[in-house]
Ligand code: BJW
């Protein structure tokens, strides 16, 4: 089984900004303000404005060729797709089962009862939870200091994998940043597909824009798509 971990670089060519590249999201916003539970407690309006703007941006984005190629890899080779991205572009490209370990922009979460639901286009601090009625809503995304989703499933997937592939992620945020070493330690082959080299210890790598290197690599694995 091929285990694919994706990051913001996968969606960069769809117009969604990365975090740590020059001009990226963390060059314009302080992550302590907008991506921590403490930042949300201090100023929920600022945080919701940040996510409302990103939700609107993501709603207008279209998948690129890399999303399409990974959806094909899932369909034709049963690849496991794990993304750190909060957009829905892999699903928009036809992927059936994507594990969003850092949550989703289009979901809202109740801080009281932990139910999640489809987020409205614009969230505001006075929205009530449709389940328990609490005015304790937040975006259903994983902030620093919070536990990512699906770690048991991810651990099981890494244990079954024959190949671990990281696409468009800088490998700076844990626990995802540790998957390559966990895979290597378990004897799994590792491959990096990125615009440029990161600090991860990969057995093999292809560098270039995701919309080029990902489809080319998927074609190598599966053969060219039937037209
Ligand atoms: C292209 C391209 C193109 C560009 N084509 N490529 C030490 C050990 C363990 C943990 C910690 C530690 N020290 C601190 C921690 C905790 C912390 C952490 O990792 N901090 C680091 C900064 C050090 N982690 C956490 O708090 C996490 N929770 C946690 O650890 O819980 C406890 C736990 C313990 C043990 C086991 C399990 C759990 C939670 C992290 C939550 C991260 N949240 C965010 C925001 C999500 C919501 C939102 O979107 O706003 O997630 S931060 C942000 O970074 C977002 C991303 O998913 C994440 C990763 O970023 P990504 O995707 O790699 O993007 P970039 O911008 O960094 O890189 C882009 C890459 O694309 C680059 O390489 C480019 O070259 C490339 N690229 N264009 C191909 N066209």
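Numbering (the numbering used here), first residue to last: 5 to 231. All C-beta atoms, glycine included, are put in the ideal place defined by N, C-alpha and C.
For residue 208, DSSP records a beta bridge to 195.
Per the coordinates, the alpha-carbon of residue 128 lies some 7 Å from the alpha-carbon of residue 49.
Residue pairing from DSSP places residue 84 in a beta bridge opposite 7. Residue state for residue 130 is assigned as coil, using DSSP reduced to three classes. Within 10 angstroms of the beta-carbon of residue 135 lie fewer than 16 other beta-carbons, which makes it exposed. Beyond the five residues adjoining it in sequence on each side, residue 123 comes within less than 8 Å, by CB distance, of 59, 109, 110, 111, 112, 143, 144 in the same chain, given in chain order. With a cutoff of 8 Å on beta-carbon distance, residue 15 and residue 93 are scored as near each other. According to the DSSP secondary-structure assignment, residue 229 is paired through a beta bridge with no residue. Taken from the Cβ of residue 178, at least one heavy atom of the ligand BJW lies inside 7 Å. In this structure, DSSP gives residue 121 an extended state, which the three-state scheme calls strand.
Rounded to whole angstroms, residue 205 and residue 184 show a C-alpha spacing of 7 Å.
Counting along the chain, residue 175 sits inside no beta strand (DSSP E), nor does DSSP assign it H or E at all.
Rounded to the nearest whole angstrom, the C-alpha separation of residue 224 and residue 216 is 13 Å. Burial of residue 44 is indicated by the presence of at least 16 other C-beta atoms within 10 angstroms of its C-beta.
DSSP places residue 112 inside the beta strand (DSSP E), whose first and last residues are 107-114. Of the heavy atoms belonging to the ligand BJW, at least one sits nearer than 7 Å to the Cβ of residue 146. In terms of Cα proximity to residue 57, the closest of 88, 26, 21 is 21. Closest in alpha carbon position to residue 180, among 77, 159, 65, is 159. With contact defined as three or more Cβ pairs closer than 8 Å, the stretch 146-155 and the stretch 165-174 are not in contact.
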